[in-house]
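Heads up: the structure comes next, in structure tokens.
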Amino acid sequence: MLSLGMDPYIIITNSTDENGTTVYDDNGLGSKIFKLFAEKYNITIVYPDPVQTFSIVSIGSGVFGAIKNELDYAVGVIPIHPLLGGFLDLSVAYTFEHLRMQIPCPKQIPRIERIVSIFSVVTWIMLMVIYLLGSLTLWFVSNVHIHNHRMESISSRNIMQCFYNAWAIFLGVSVTEIPRTCNVRLLFIFYVCYCYAVSMVFQAFFTTFLVEPGYGRGFTSYEEMIANNVTYGFIDALENSVLETGYEDHKGAKLLQDCADITQCVLRAMSEGDMMLFTGANFPYYLALKRGIHDVSKFVCFYHDIVMLAQLSIGTQKGNPLLSMLNEHVQKCLEGGIPEMFWSQLKHTYRLRAEKKSDESDMYFVFTVRLLAPAFILLFCGYVISFIVLVFEVCIFI
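For the sequence shown, the residue numbers in the UniProt record's numbering are 1 to 398.
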């Protein structure tokens, strides 16, 4: 019995017998159902080398082996299709697979970008304008009247000290000296309240976005994916079946890649986020769980259309007298819920393994120096401005 396809439709294990020969076994759903059939009717199963790919060549090799009487049965990715039906007898379907277009998922927004975007560009500009106006107003009110000029503190009468104090208030640190006159104090209190409100809003969103910055907008149409140079993964064994359904929305893709290895293409769509391809709905979820991904929904995304419903069956040679009994057996397995139990146990097993693979980094967020880049950029700008002011003062007073 030939096992054709890839995990989880076939789950291949191997061992070596006493003669040094490699012995294969298949624990996929199709093989499990056929093993029950073989046990009931005392049939011995021998597995040749499995074909762990899904392409026209691999399917053709299985069909050719059946025609030459080298193979009696085939399980795995054996869809009920008129083309295969011309060469093989196919059992009734033992499971159903939705063929869908896997697309890149929304990417996580970089934390620095998310923090900077807490306020809009206009808001950041207005904050700087208010800082400048607040500094100049404090200095002007402190010097506009002779009474204020005599009674007010020296730091409030010096324009550079006013800029320094206004910046200190903006950052939430202490000033060099408290204003003394009522007018300056009133203006000072208003400015402090404004900066306090802005700081509270910023800090609240800063903490939230630092831990969970969120995700960007996902693709909603093929035009968006094509415009963003998303590569279309071409699978020869599926392309004709897709076109037979009249589904042609994907044909405008500019970048194409032959996905002879479907597993690598699916993993690329999950990790790189630059590929779209047709695949069974269960396959990407299985790969994600197998690799220890906890929140699969953040890595596996599909376009909203279901292209077709694929029916997987067990293939056998033409004229096999056991086909009617096999069909009856498969039907009883469906009624007994064996396919549902298989998928449920498989997903549960890999979820447990994923939990064992979880590390402590998922439990907390590491605050790195890279996340302080905006603060260091601002500090550098301050140094540049301070140096320019220093040069200006030296040129004026010396």
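Built from N, CA and C at the ideal position, the CB exists for glycine as well.
Would you check if there are 3 or more beta carbon pairs closer than 8 Å linking the stretch 103-117 to the stretch 125-139?
No contact exists between the stretch 103-117 and the stretch 125-139.
Under the three-state reduction of DSSP, which class applies to Gly233: helix, strand or coil?
In the structure shown, Gly233 sits in a strand (DSSP, three-state: E or B).
Helix, strand or coil, according to DSSP, for Ala74 in the structure here?
Strand.
Apply the 10 Å Cβ neighbour rule to Thr316 and answer buried if 16 or more other Cβ atoms are within range, or exposed otherwise.
Thr316 comes out buried.
Quick one: measure Cβ to Cβ for Pro374 and Gly216, integer angstroms, because I've assumed they're closer than 8 Å.
That pair is no contact at about 20 Å.
Would you mind listing the beta strand (DSSP E) stretches within the stretch 314-342 that are 3+ residues and don't spill past its ends, in chain order?
Fully enclosed beta strand (DSSP E) runs of 3 or longer: not present.
Excluding five sequence neighbours on each side, which residues of the same chain lie with their C-beta closer than 6 Å to the C-beta of Ile103?
Around Ile103: Phe219, Met276, Cys301, Tyr303.
Within a Cβ cutoff of 6 Å, which residues of the same chain sit near Ser31, ignoring the five residues on either side of it in sequence?
Excluding positions up to five away in sequence, the list reads Val75.
In the DSSP assignment, what are the bridge partners of Pro79?
DSSP, once it has assigned bridges, lists Leu312 as partnering Pro79.
Burial state of Ala237, where buried means 16 or more other Cβ atoms lie within 10 Å
Result: buried.
In chain order, each alpha helix (DSSP H) run of at least 4 residues that lies wholly inside the stretch 146-191
Those alpha helix (DSSP H) runs which fall completely within the stretch 146-191 and span 4+ residues are 146-151, 154-157, 159-171.
Have a look at Leu312 and Asn19 and give me their C-alpha separation to the nearest angstrom.
Using only the alpha carbons, I get a separation of about 35 Å.
What would DSSP say about Val300, mapped onto helix, strand or coil?
Val300: coil per DSSP, three-state reduction.
I need the DSSP call for Gly252, collapsed to helix, strand or coil.
Of the three classes helix, strand and coil, the one that applies to Gly252 here is helix, per DSSP.
Got a sec? Which residues, its chain only, sit under 7 Å from Ile80 by beta carbon, not counting five neighbours each side?
Here the set comprises Leu90, Ala93, Gln311, Ser313.
For Tyr9, three-class secondary structure by DSSP
Tyr9 falls in the coil class under three-state DSSP.
Mind checking if Asp25 is an interface residue toward chain D, Cβ cutoff 7 Å exclusive?
Here chain D cannot be found, since the structure has a single protein chain.
Should Leu29 and Leu71 be called a contact, given that it needs their Cβ atoms to be closer than 7 Å?
For Leu29 and Leu71, no; Cβs fall outside 7 Å.
Quick one: Cα of Leu256 to Cα of Phe234, how far?
Computed Cα separation, rounded: 7 Å.
Please look up how many angstroms separate the CB atoms of Ala260 and Thr53, rounded, as I've assumed it's under 8 Å.
In this structure Ala260 is in contact with Thr53, their Cβ atoms being roughly 7 Å apart against a cut-off of 8 Å.
With DSSP collapsed to three states, give me the class of Ile306.
Residue state for Ile306 is assigned as strand, using DSSP reduced to three classes.
Cα separation between Asn240 and Thr349?
Computed Cα separation, rounded: 35 Å.
At which residues does the alpha helix (DSSP H) containing Gln264 begin and terminate?
Unbroken alpha helix (DSSP H) run through Gln264: 262-271.
Is Ile103 helix, strand or coil when you go by DSSP?
Looking at Ile103 - three-state DSSP - the assignment turns out to be strand.
Rounding to the nearest angstrom, what Cα-Cα distance links Gly85 and Gln108 in this structure?
Here the alpha carbons of Gln108 and Gly85 stand approximately 46 Å from one another.
Cβ separation of Leu36 and Cys333, assumed to be a contact under 8 Å, to the nearest whole Å:
Contact between Leu36 and Cys333 holds: CB atoms are separated by about 7 Å, below the 8 Å threshold.
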